[in-house]
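Engineer:
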Amino acid sequence: MKTNLYRLIMVILCVAGIFFTGQSVRAQELTVGIPKEATITGQYFTLGDIASINGDDTERIDSLRQIRLGHTPQPGQSYVLAGDILMARVRAAHVDLTGITWQMPKQLKVTALAQSISGQQLVKQAKQYLKASATGEVMITSAGQPQDILVPPGEIVFNMALPYGIRYNAPTSISVGVQVAGRPFTTAILRFDIKKYQQVAIASRALNANEPITADNIIFERRDIGRLVPGYFTELDKILGLPVKRQLAPGIVITENMLGQTVLIRRGQPVTVTAKNGSIEVMVSGIALQDGSKGEFIRVKNINSQKVISGQVIDDTTVRANI
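If you're matching positions, the sequence shown starts at 6 in our numbering and goes up one per residue.
#1: Would you check if the distance between the CB atom of Ile207 and the CB atom of Ile257 is smaller than 8 angstroms?
#2: Within the chosen definition, does the stretch 174-194 reach the stretch 129-146 through at least 3 CB pairs nearer than 8 angstroms?
#3: Who are the near neighbours of Tyr84 in its chain, counting only those whose CB is closer than 8 angstroms to its CB and skipping five residues on each side?
#4: Can you name the start and end residues of the alpha helix (DSSP H) that Val128 belongs to?
#5: Can you give the beta carbon distance from Leu167 to Ser138, rounded, assuming they're within the 8 angstroms contact cut?
#6: Less than 7 angstroms between C-beta atoms, sequence neighbours within five positions excluded: which residues of the same chain meet that for Arg73?
#7: If you run the structure through DSSP and keep just helix, strand and coil, what is Arg31?
#8: Do you know offhand how far Arg304's Cα is from Ile199's?
#9: By how many angstroms is the C-alpha of Pro189 removed from the C-alpha of Val95?
#10: Assign Gln82 to one of two classes, buried (16 or more other C-beta atoms within 10 Å of its C-beta) or exposed (fewer than that).
#11: Within 10 angstroms of the Cβ of Thr177, are there 16 or more other Cβ atoms? Answer buried if so, exposed if not.
#12: Counting only the same chain and skipping the five closest in sequence on each side, list residues whose C-beta sits under 7 angstroms from that of Ile105.
#13: By DSSP, does Thr26 sit in helix, in strand, or in coil?
#14: I'd like to confirm the pairing. Which residues does DSSP put opposite Asn282 in its beta bridges?
#15: Taking contact to mean 3 or more Cβ pairs, one atom from each stretch, closer than 8 angstroms, check whether the stretch 285-293 and the stretch 265-273 are in contact.
#16: Pop quiz: Ala211 and Ala254 are said to be a contact at Cβ under 8 angstroms. What is the actual Cβ separation, rounded to whole angstroms?
#17: Please name the residue or residues paired with Ala208 in a DSSP beta bridge.
#18: Relative to the C-alpha of Leu69, which candidate in Asn213, Trp107, Val156 has its C-alpha closest?
#19: Please name the residue, chosen from Leu118, Ile90, Asn59, that lies closest to Pro158 on a Cα-to-Cα basis.
#20: Go ahead and pull the three-state DSSP assignment for Lys243.
#21: Where Asn309 and Glu301 are concerned, what is the direct C-alpha to C-alpha distance, given to the nearest angstrom?
#22: Could you check the C-alpha separation between Leu102 and Val185 for me, to the nearest Å?
#23: Is it buried or exposed, Val324, if we count other Cβ atoms within 10 angstroms and call 16 or more buried?
#24: Any idea if Pro151 is buried or exposed, counting beta-carbon neighbours within 10 angstroms, 16 or more meaning buried?
#25: My assumption, with CB atoms under 8 angstroms, is that Tyr202 sits in contact with Glu142. Please give the rounded CB distance.
#26: Quick one: what does DSSP say Ser2 is sitting in, helix, strand or coil?
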């Protein structure tokens, strides 16, 4: 009697064990559903980015979600993965795949999310930077229209640079670095024509050779300096009193190579002639035999000896003799 009762108890326990074990196994079952199309972002995508994973085992679900399946295409672009390739990449992760029901399409189309930066927006950003970098009155014109750019989602920051500086007589290149979500994404090179206008000195009438510049024979006009020969003047004080080297027509822009130096010493003017030999300096009186500007060499007559010598104009009263 006791033996039969023991056997009955063992049978009941075994049946109960099978029942509860079965319940435990079913509790661990997972379902993974993969759609035919998915949109993604980031450098690569995982199973969790594209699939719905259902079940009670959160640890296994987290492990499955982290399985890397491939690199993300360029923003706005797509590619297709066959179902068997997807499954092969899942198995390559060496994750426990027992008890999983897969809802796998024949192929999966993966598309990278994107946002667009228009070429007009790039030009606007570059113009703002150029206006802040240039001085004075400028006119900035885009040399062509850049294409729109597709970038990943995220905050966009523009980083500008002028690799060759601003040019007023040739196209100016500006580098526009595009940063998305704190990471550099691409760089666009834009070109602009920049004109700068200034008031420059112009002959108001015909000027004769050696005629000095005065406030009456010069006017200032607005000109595109990118079209001018270097050496133009924007301030009267810098040219007032300087003689022109040759005859100039009215309306011509005055430049440095058209002007001589201010005459400091005139022919027939008394001057002091200095000469230095070692530590000894001698000064004598003389008469200038030529007009001379600072730094020029002129002929001077020594009043005492009547000897004619050559000397360099130092200032409006002094000539240094060559000995």
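Each residue gets a CB set at the ideal place from its N, CA and C atoms; glycine is no exception.
Structural biologist: Once the coordinates are examined:
#1: yes
#2: yes
#3: Pro78, Lys114, Val115
#4: 124-138
#5: Confirmed, Cβ separation roughly 7 angstroms.
#6: Tyr49, Thr51
#7: Model confidence at Arg31 stands at a pLDDT of 44, short of 50, so the residue's coordinates are unreliable and nothing is read from them.
#8: Arg304 and Ile199 have their C-alpha atoms spaced approximately 51 angstroms apart.
#9: In this structure, the alpha-carbon of Val95 lies about 31 angstroms from that of Pro189.
#10: Counting Cβ neighbours within 10 Å, Gln82 comes out exposed, since fewer than 16 surround it.
#11: buried
#12: Leu35, Val37
#13: With a pLDDT of only 44 at Thr26, under the threshold of 50, the placement of this residue in the model should not be trusted; the figure read from the coordinates follows. If DSSP states are grouped into helix, strand and coil, Thr26 belongs with the helices.
#14: Partner(s): Ile285.
#15: yes
#16: The Cβ separation is near 6 angstroms, so the contact holds.
#17: Ile223
#18: Trp107
#19: Leu118
#20: helix
#21: 24 angstroms
#22: 37 angstroms
#23: Its Cβ being crowded by 16 or more others within 10 Å, Val324 is buried.
#24: With 16 or more neighbouring CB atoms inside 10 Å of its own CB, Pro151 falls in the buried class.
#25: 5 angstroms
#26: Here the chain has residues from 6 to 328 only, and residue 2 is not among them.
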